[in-house]
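Colleague: According to the working numbering, the residues represented by the sequence shown are 1 to 270, in order.
Cβ coordinates follow ideal geometry from the N, Cα and C atoms, glycine included.
Remember, predicted model here, so these are calculated numbers, not experimental data.
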Amino acid sequence: MKTQLRPILATVATALLTSSLAMGCGDPPPPATPKDFTFGIEVSVTDQDRAGVARVPVTIDGQVVGFTDKAGKFEGRITDKHNTPIELALGDIDGYRFTTTQTKAEKLTVRRGVSGEPQGLPISLIASVHSLKNDYLVWIRMECDEMLGAPACADLQIKMNNEVVAKTDIEGKAHLSFEGIVGRKVAISVVTPIYNPNAEKPMLFEPQNPAYELTLGMDTTVYLIEDTFTDPAARARPVKRSPVRSTVPRRAAEPKKEAPKSDSNIINLW
1 MKTQLRPILA TVATALLTSS LAMGCGDPPP PATPKDFTFG IEVSVTDQDR
51 AGVARVPVTI DGQVVGFTDK AGKFEGRITD KHNTPIELAL GDIDGYRFTT
101 TQTKAEKLTV RRGVSGEPQG LPISLIASVH SLKNDYLVWI RMECDEMLGA
151 PACADLQIKM NNEVVAKTDI EGKAHLSFEG IVGRKVAISV VTPIYNPNAE
201 KPMLFEPQNP AYELTLGMDT TVYLIEDTFT DPAARARPVK RSPVRSTVPR
251 RAAEPKKEAP KSDSNIINLW
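1. If I measure Cβ to Cβ from S124 and keep anything under 6 Å in the same chain, skipping five residues before and after, which residues do I get?
2. Given that a residue counts as buried once 16 or more other Cβ atoms are within 10 Å of its Cβ, and exposed if not, what is T99?
3. Nearest to A233 by alpha carbon, out of E206, P210, L214 and K173?
4. Consider the C-beta atom of Q48 and the heavy atoms of the ligand ADP; say whether any pair is separated by less than 7 Å.
5. Along the chain, where does the beta strand (DSSP E) containing L214 start, and where does it finish?
6. A211: buried (16+ other C-beta within 10 angstroms of its C-beta) or exposed?
7. Give the DSSP-derived three-state secondary structure of A166 in the structure shown.
8. Within 10 Å of its beta-carbon, does L156 have 16 or more other beta-carbons around it, so buried, or fewer, so exposed?
9. What's the gap between the Cα of V165 and the Cα of V190?
10. How is P207 classed by DSSP in three states: helix, strand or coil?
11. Does the segment 215-226 come close enough to the segment 193-206 that 3 or more CB-CB pairs lie under 8 Å?
Below is the structure:
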């Protein structure tokens, strides 16, 4: 990307011209106005894999004059005067860091050579940065106790930084994969159903809408979140039983007494 960075300064000084006209013919002429020089600037930024890094701010004397392109390159031209000190530097970029030994700024003074042209130009700044981006995987496993029942843990919404990104399956499991930056914090939460005491089977999830915070690491890229939901209201509710009708056992009827019989098969009525 090529950019014209500074306008050419005016070369006419009205005050000097007026004073010279007022002087006599024997006075020495005023010093000439310093000449402007136009020179190029080249910047290159790559990561640890030697891939170009885009959107790196390029600054001159603390002011942003452009950004690197997809190839990590920036080219521009600047107009300034002899013996003018300038600073060419790179600004910070999200997700990358400069190494402790890496120069991210160049301080120099624009000077004329013997031929009248600027020395040591174009100005080049080559930098290498280290990416802080990683691919992360988060496994989520939710369980429901016997009061809630396993099906209650299905289809629960999973939020990451307040945005719904997944739902649990029939086993209460889910997983998230995303690109993150080392050192950043990620908020993950599970959305539980709203308690309705008038429902046919009211369920009170405890904990309600649990939230978890992860700090993304450089070496640790896989995380596991697991929790168990209980229903304290179910334990407090009385157990419903079917009505039982009480019965009183009846005494068996006593057998009728018969008159004793004699050996002669004659009934004895006495």
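Modeller: Let me lay it out:
1. So the qualifying residues of the chain are E42.
2. T99 comes out exposed.
3. With distances taken between CA atoms, A233 lies nearest to E206 out of E206, P210, L214 and K173.
4. In the structure shown, the ligand ADP is absent, as is every other ligand, since no ligand is present at all.
5. According to the DSSP assignment, L214 belongs to the beta strand (DSSP E) that extends over A211 to T215.
6. Exposed, since its Cβ has fewer than 16 Cβ neighbours within 10 Å.
7. Three-state result, A166: strand.
8. Here L156 is buried, its C-beta having at least 16 other C-beta atoms within 10 Å.
9. One C-alpha to the other measures close to 11 Å.
10. In this structure, P207 counts as coil in the three-state DSSP scheme.
11. No: fewer than three Cβ pairs fall under 8 Å.
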